[in-house]
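Protein sequence lines, in the order shown, are assigned to chains A and B.
Just so you know, we're using my numbering here: the first sequence kicks off at 1 and counts up by one.
Just so you know, we're using my numbering here: the second sequence kicks off at 1001 and counts up by one.
We treat Cβ as the ideally placed atom computed from N, Cα and C, and that holds for glycine.
Reading through the structure tokens given below for one structure.
There are 2 protein chains.
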Amino acid sequence: MSTPQPLLILTPDDLLAERWRALSSSPIRATELSGLDTWRKAGHRLVVVDLGGYPPAAPPLWTQDAWQNNAADLAILATSSRPDDEEGLAALNAGACGYCHSHAPIDTLRQALEVIAGGELWVGRALLSRLLRLVDSRLPRAGLADWARPLTEREREVAHHAALGESNVAIADALGITERTVKAHLKAVFEKLQVADRLQLALRVHGVR
Amino acid sequence: MSTPQPLLILTPDDLLAERWRALSSSPIRATELSGLDTWRKAGHRLVVVDLGGYPPAAPPLWTQDAWQNNAADLAILATSSRPDDEEGLAALNAGACGYCHSHAPIDTLRQALEVIAGGELWVGRALLSRLLRLVDSRLPRAGLADWARPLTEREREVAHHAALGESNVAIADALGITERTVKAHLKAVFEKLQVADRLQLALRVHGVR
DNA sequence: ACGCGACCTGTCCTTGTGGACAATGGCGGC
DNA sequence: GCCGCCATTGTCCACAAGGACAGGTCGCGT
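Here it is as structure tokens:
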């Protein structure tokens, strides 16, 4: 099922444009940001744009006039080949309705377009979960109970300390046991959670893919 | 287009269940939270649940065992007839993959289910835009890529790799430089960001206090 | 031309980490 | 009583990480 609405593909990158052609039955291609003007005036809404397609030296697309003047009336899916939380937030705050990877699976892009065409917002899993964590300072433990599930009580404690960056000695000290014991617990934790080291453990515990 | 995957409808409210029946070709209905157990064990993933369907006096669904034990393996769309930011955040943090109004248009619900079935997260426009504004205003510059500001371009790259848990050799390999150089960059990063080691760096980069 | 900063590389060296062998005592289920 | 799981501690060892010296090139601005 392809997007029923007319779609504007906005990127100077020919390869990307070719790839995106599958997003709609008959997409229109533009390479200049000014294409947004004519698109809006033609009464259309749906746009997919590659933020990273222009020289890094240039000012971000969303700060330019053509964007500012039209974003409110359009449904813009902003994409980047090197996604970055900061960039995504900026684009969304500047009126974009979605943000994801330029080379995301074509089905994902299509889904994102359908979502923003329906008036909703689209934010990729990574950025969204990051946002949730940022806003919600309180319940870090409730939802993360899943990583702790296979662990014993003691292992949980050790893992928790280790995930905050404490050294083995510090953990041993805090729990009143030997460093050797901490190592033993951590070994078990690594095995049960299928991680290689304490850094991977920290990422898992704090919900980073 | 209805959801191809089997769907579990979880609510004690008969009217709501009837309404939701259109979400899938042959949905399964359950009224007790324990239905999550059997659903997961049957190898299914997709669930839509009404958070508000139970007595207000009862503890929130997401704090109960049946939820905690199964949320990680399921794709749960939580809904509420009286949506509330706090509730939504709590549910999402407890492992729900989406949050919206119980009586949202059936097409919207269907779209939300498709999205979470695809492994993404779904947050309605209202809550999401509030989130964005919150993040934008409350942490304007303590924001996301704040850590990267004092760093040079190369240091940023190295720091980014290191924060994902890659070893010095792996980073060197990825960037086409020597391990020694990676160490040099990391030393500069540690100094500039005032952190002791790569784990603290990872925590900083991923926004853990 | 000179200084400065970014980037890159080299050789020690100390310490932390994690794995590979162990062992001991307690406690609950069959 | 035996078996399995948990918690605890021991030694030895290979290796990664990070600090402390060192050095080099390149480009850019004064």
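| Check | Outcome |
| --- | --- |
| ALA1104 (chain B) versus PRO150 (chain A): straight-line alpha-carbon distance, rounded | 37 Å |
| Helix, strand or coil at ARG1029 (chain B) [DSSP, three-state] | strand |
| Proximity of ASP85 (chain A) and LEU127 (chain A) at Cβ, strictly below 8 Å | yes |
| Contacts of ALA184 (chain A) in chain B (Cβ-Cβ under 9 Å) | The contacting residues do not exist; ALA184 (chain A) stays about 20 Å from chain B at best. |
| Given ALA91 (chain A) as reference, the closest of A:ALA42, A:TRP67, A:ARG130 and A:ILE106 once Cα atoms are compared | A:TRP67 |
| Residues in the segment 112 to 135 of chain A having any Cβ partner in chain B nearer than 8 Å | GLU114, VAL115, GLY118, GLY119, GLU120, LEU121, VAL123, GLY124, ARG125, LEU128, SER129, ARG130, LEU131, LEU132, ARG133, LEU134 and VAL135 |
| Residue range of the unbroken beta strand (DSSP E) whose run includes THR1212 (chain B) | Limits of chain B in this structure are 1001 at one end and 1209 at the other, which puts residue 1212 (chain B) out of reach. |
| Given 8 Å, three or more beta-carbon pairs between the segment 1006 to 1021 of chain B and the segment 1034 to 1050 of chain B | yes |
| Status (buried if at least 16 other CB within 10 Å, exposed otherwise) for SER1024 (chain B) | buried |
| Min CB distance ASP73 (chain A) to chain B below 8 Å | no |
| ASP73 (chain A) versus ALA30 (chain A): straight-line alpha-carbon distance, rounded | 18 Å |
| Closer than 8 Å to chain A by CB, LEU1008 (chain B) | no |
| For LEU1175 (chain B) and GLU1157 (chain B), believed in contact at Cβ under 8 Å, the rounded distance | 6 Å |
| Outcome for ILE1106 (chain B) when other beta-carbon atoms lying within 10 angstroms are tallied against a minimum of 16 | exposed |
| Secondary structure of GLY1052 (chain B), DSSP reduced to three states | helix |
| Selection from A:GLU120, A:GLN64, A:PRO60 and A:ALA75 that minimises the alpha carbon distance to ILE9 (chain A) | A:ALA75 |
| Between the CA atoms of GLU1120 (chain B) and TRP1062 (chain B) - distance to the nearest angstrom | 19 Å |
| Nearest-angstrom beta carbon gap, LEU1193 (chain B) and TRP1122 (chain B) [assumed within contact, 8 Å] | With 8 Å as the limit, TRP1122 (chain B) and LEU1193 (chain B) do not qualify as a contact, their Cβ atoms being about 35 Å apart. |
| Minimum Cβ-Cβ distance from ASP173 (chain A) to chain B less than 8 Å | no |
| Chain A within 8 Å of ARG1198 (chain B), Cβ atoms only | yes |
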